[in-house]
Structure formats: structure tokens, C-alpha cells
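Asks: Below you will find the structure I want to go over with you.
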Amino acid sequence: MTDNVDVVIVGAGSAGLSAAKTAAGQGLTFVVVEASHRIGGRAYTEEFAQGQPFDLGCHWMHSASLNPFVGIADKHGFNYRKDGDWVRGVHHHGAWLDEEQGKKFDALAEANNKAIAAAAEAGDDTPISELIDLDSPWAAYHAYWFSLGVSRDIDQTGAVDVSAYNDTDENWPVLEGYGALVAAWASDVPVTLNAAVDRIGLTADGVEVETSRGTINGRTALVTVSTNILSSGRIVFEPGLPDWKMTAAQELPLGVHNRIGVLLDHNPLAGGARDFATVMREDDEVPFAIELGPYGYSYAVGVTGGRFGSWLERAGRAASVEHLVENMRAVWGSDIVKHVTDRVIVTAWEGDLWTLGSYSAATPGNAHQRVELAKPIDDRIFFAGEATSPDFFSTCHGAYFSGIRAIDEISAVLSDKA
Ligand SMILES: Cc1cc2nc3c(=O)[nH]c(=O)nc-3n(C[C@H](O)[C@H](O)[C@H](O)COP(=O)(O)OP(=O)(O)OC[C@H]3O[C@@H](n4cnc5c(N)ncnc54)[C@H](O)[C@@H]3O)c2cc1C
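Here the working numbering is used: the first residue of the sequence shown is 7, the next is one more, and so on.
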């Protein structure tokens, strides 16, 4: 590892990788140190079978017209699907919602969103649970979709943070995998893998970063690890991080969003069938969204969020697969189960050693902590990562933009010192 670099970049997720590319473009010297055996962090694709990619982390290019990964996908020959082609439906207590029920369902979503936007506009950071209509028969569905959007439950996040997100309502999935796209885009970035940082100290004129593979000296450090890793204290800072910085990390916790996949022996749905169901069986209190055979692939994927996602993760892999299969049976009938193979992929992001969760959501009253989290310490320790993004937090492209922002700050400080 090169020593005495301009910046030591901690973490090779989307933020660290875009920081490295920006640093290279600006002529700064840098080292990227990554604790795990691979780059990408929460952007990670595996193959179910040959030619059947499955995203364990990010999958959708959100706010696509403002998302740099759309252009990156074009450049690297990746395909994506523009939204609108899904045959979606809500399967409630054994039957699909009819047109009339569907209208009421959509009207509730609209009313809820209006109430949240009005509270945010008034600067009132009330928990979402106090703003939306919980008496509606469809309330559980809307609470569930919130838990997927922010990875925490409706009582755990407030109107201001939710409304600060710049949502253009264009969510384009990457067919070959968003994780694979990030890996292809960053394949030219030199990264030292299996190098967990355990201490960052200030020296007389720079920083000293201790990793499991040796110590690196630099003029600055850029920390891109998740807020839950920062809060865990696993990286020791000397001197310790000030209280305001620790508070910012703690008030922007990562919740849980997991993806549960099973490979089928073929895609049994005929064209035009509903292939994207949000289902709630009679005895369940939390709905569950399932895509069956997305993009012609022969697997099914179900998604969980919030406390239920956390509970199911702890219940384990077999319980997660059973939850998916039994919900598939409820929607598409018993025959579907005959096509399920024993090849499964089940994520467990809360237990992931180097992330400790899925993505950040501000606790009520703490939307402003994103600005605090992004502030440097002593013009030598800088911060990036999705949680520092003011408008695209919790996303891969938000992390990307934060890496550029942080290197611009570092460049300005280093040129002032020159
Ligand atoms: C299930 C799931 C679904 C998602 N869906 C979407 C989606 O559809 N669209 C979207 O845009 N976003 C989505 N996201 C969010 C998106 O993946 C993240 O916001 C983004 O990838 C975070 O990038 P980052 O660089 O901030 O952090 P990370 O990707 O977490 O990168 C930080 C890196 O730091 C490393 N690290 C940690 N500790 C240390 C240490 N001590 N020393 C050195 N390295 C360390 C980690 O290993 C990691 O590689 C999803 C996330 C999950 C989990």
C-alpha cells in the first residue's frame, strides 16, 4: 500500500469508489482500503444459475433521470427496464383487489402522501405513523411499503426526512444486476481488500490509518462506512469523535430490508399474468411483495423491511424461504410450489459484519443530522456514504454523489494548505 497519500479512502462501496475515481481525476494520490473480500458494499450481485443474476443489495436505479448510473449502464452495455411494464396487483385475504377497491387503495396512498408533504412543509417532523390513516383496511400495505422505502417502520421515521428525498418516480431495475454494474464501472479502481480499518488517529500534520494489513499515513482520511458501523465503535478514532458526530450517526440508523429468492425449474407464468403481487394472507399482519419470474428469469423474490424484516432475518434462512413459498402458494396456487428448487439466496443485512443494516433513515426530529454527518473533523477526517446525501440518501447514486462532494472538499482544503 502506498504511503503518505493525499487521502486514505475507507470503504469500497459506491461512495468510496466514486471518491477514488474523482480523486484520480483531480490528480490526488489515494489508497482505498476495504474490510471485506470484494468491492461494492451494499451493491452486490450473485448468479442464481448461469445467466440469472440476482441482486442482494441495490437493484433499482431510483430517480432515473437524475441518476448517473443510467449513463454508466449505457456505457458498459447493461440493460434496464423502464417502469410501467409490471402487471402488479394486491392480493388481500385470498383474492385480488377489484377495480373499486384498487381505486380506494390508490386514494389512500395519495391522501397519506399529501399529509406527509404538508407536515414536512410546515417543518413538523412528526412520525409517519401519526400522519397516515391507520383505520383504513389498506393501512398495513402502506405501512409495509414505507418500511421498504426507508428500511424502518412508520413510527421510527419522520415527515421531514421522507420528504427531503428527491423522488422522480422513475425506478429502473438493472437486468444484469446493479451490483454487477457497480463492479464493472469500478473495475479500474485499485482497492486493497481484506484490510479492515480499526483505528484512525490524527498526527502532527495528517492522519494515521491502521488496518489489518498495516498502517498508512495520509494527509486526510475519507470515511465511507455505514452509520451503524460508525456507531458500533468498531473503528477507534484518536482523539475520539465529538459527541455531535456520534449523535449524527446514531440518529441516522440503518434499518432492515432483505431480499429472499428461490430458483424455480422454469418460469411457470404465462404472459400477461400478474407477476408482481403484494400479498397479505388472512392470518398475517404484515404484507409481503413478490416478483415472480422478473425479466423472464426463473426465480421468485420477496422483500421484507423494518421490524418484521429484522425478526424474519433472525428466524433464519429456512423460515425466510418458507415465508416466501407459502405466500407464493397463497397467490398463484399450490402448483407453483412444485417448481421451487432448493437453490435459494437469502440476505441478512442486519447481521452483515461490515454494514450492520440496509440503509439509513433519520429518527423523527433528526433529518438535519445528514448535514452534521457530512461535516469534516479538523479538516482532516472527511465523511461520505449514502447517509450523508441531502436528497438521495439510502441509495446507490446518493452514495456516488457523496463521494464526489467529499473529494471536492478535500481538494479545496489541500490546495489551501499548499
Ligand atoms: C437489500 C437492499 C436493497 C437496496 N435497494 C436499493 C435500490 O434498489 N436502489 C438503490 O439506489 N439503493 C438501494 N439500496 C441501498 C444502496 O445499496 C446503498 O445505499 C449504497 O450501496 C451504499 O453505498 P455506500 O458506499 O454509502 O456504503 P457501503 O456500500 O456500505 O460501502 C461501505 C464499505 O465500507 C466497508 N467497510 C465497513 N467497515 C470497514 C472498515 N472498518 N474498514 C474498511 N472498510 C470497511 C464495507 O465493507 C463496505 O464495502 C439497497 C440496499 C439494500 C441492503
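Glycine included, each C-beta is placed from N, C-alpha and C at the ideal position.
Going straight from the alpha carbon of residue 309 to that of residue 274, what length do you get?
Replies: Between residue 309 and residue 274, the C-alpha separation is close to 20 Å.
Asks: How long is the line joining the alpha carbons of residue 253 and residue 116, rounded to whole angstroms?
Replies: So the two alpha carbons sit approximately 34 Å from each other.
Asks: Just to check, is the beta-carbon of residue 415 closer than 7 Å to a non-hydrogen atom of ligand 1?
Replies: No; taking the cut-off as 7 Å, the Cβ of residue 415 has no heavy atom of ligand 1 nearer than that.
Asks: Near residue 49, what residues of its chain come up, given a Cβ to Cβ distance below 7 Å and the 5 sequence neighbours on each side ignored?
Replies: Same-chain partners within the cutoff: 19, 20, 63, 64, 184, 185, 188 and 402.
Asks: By the three-class DSSP mapping on this structure, what secondary structure does residue 199 have?
Replies: In this structure, residue 199 counts as coil in the three-state DSSP scheme.
Asks: Touching or not, the stretch 356-370 and the stretch 324-338, by the rule of three or more beta carbon pairs under 8 Å?
Replies: No, the stretch 356-370 is not in contact with the stretch 324-338.
Asks: Decide yes or no for the touch test of the stretch 49-59 against the stretch 376-393: beta carbon pairs closer than 8 Å, at least 3 of them.
Replies: No contact exists between the stretch 49-59 and the stretch 376-393.
Asks: For the alpha helix (DSSP H) that residue 44 lies in, which residues bound it at each end?
Replies: Careful: residue 44 lies outside any alpha helix (DSSP H) and carries neither H nor E.
Asks: Please find out if some non-hydrogen atom of ligand 1 comes closer than 7 Å to the beta-carbon of residue 37.
Replies: Flag unset: Cβ of residue 37 not near ligand 1.
Asks: Going by DSSP, what residue range makes up the alpha helix (DSSP H) through residue 248?
Replies: That residue, residue 248, is in no alpha helix (DSSP H); it is neither H nor E in DSSP.
Asks: With burial defined as no fewer than 16 other Cβ atoms inside 10 Å of the residue's Cβ, what is the status of residue 193: buried or exposed?
Replies: Result: exposed.
Asks: Near residue 270, what residues of its chain come up, given a Cβ to Cβ distance below 7 Å and the 5 sequence neighbours on each side ignored?
Replies: 304, 305, 306, 345, 346 and 347, listed in sequence order.
Asks: So for residue 407, helix, strand or coil by DSSP?
Replies: If DSSP states are grouped into helix, strand and coil, residue 407 belongs with the helices.
Asks: Pop quiz: residue 261 and residue 364 are said to be a contact at Cβ under 8 Å. What is the actual Cβ separation, rounded to whole angstroms?
Replies: The pair is a contact, with the Cβ atoms about 6 Å apart (cut-off 8 Å).
Asks: Do residue 221 and residue 202 come within 8 Å of each other at the CB atom, strictly closer than that value?
Replies: Not closer than 8 Å, so no.
Asks: What do you reckon, is the C-beta of residue 240 under 7 Å from a heavy atom of ligand 1?
Replies: Residue 240: yes, Cβ under 7 Å from ligand 1.
Asks: Just curious, the alpha helix (DSSP H) that residue 318 is in, first and last residue?
Replies: Segment 312-321, the alpha helix (DSSP H) holding residue 318.
Asks: List, from N- to C-terminal side, the alpha helix (DSSP H) runs of 4 residues or more that fit wholly inside the stretch 25-94.
Replies: Counting whole runs of 4 or more residues, the stretch 25-94 contains the alpha helix (DSSP H) stretches 74-82.
Asks: I need the straight-line Cα distance from residue 166 to residue 180, nearest angstrom please.
Replies: Their backbone Cα atoms lie some 29 Å apart in a straight line.
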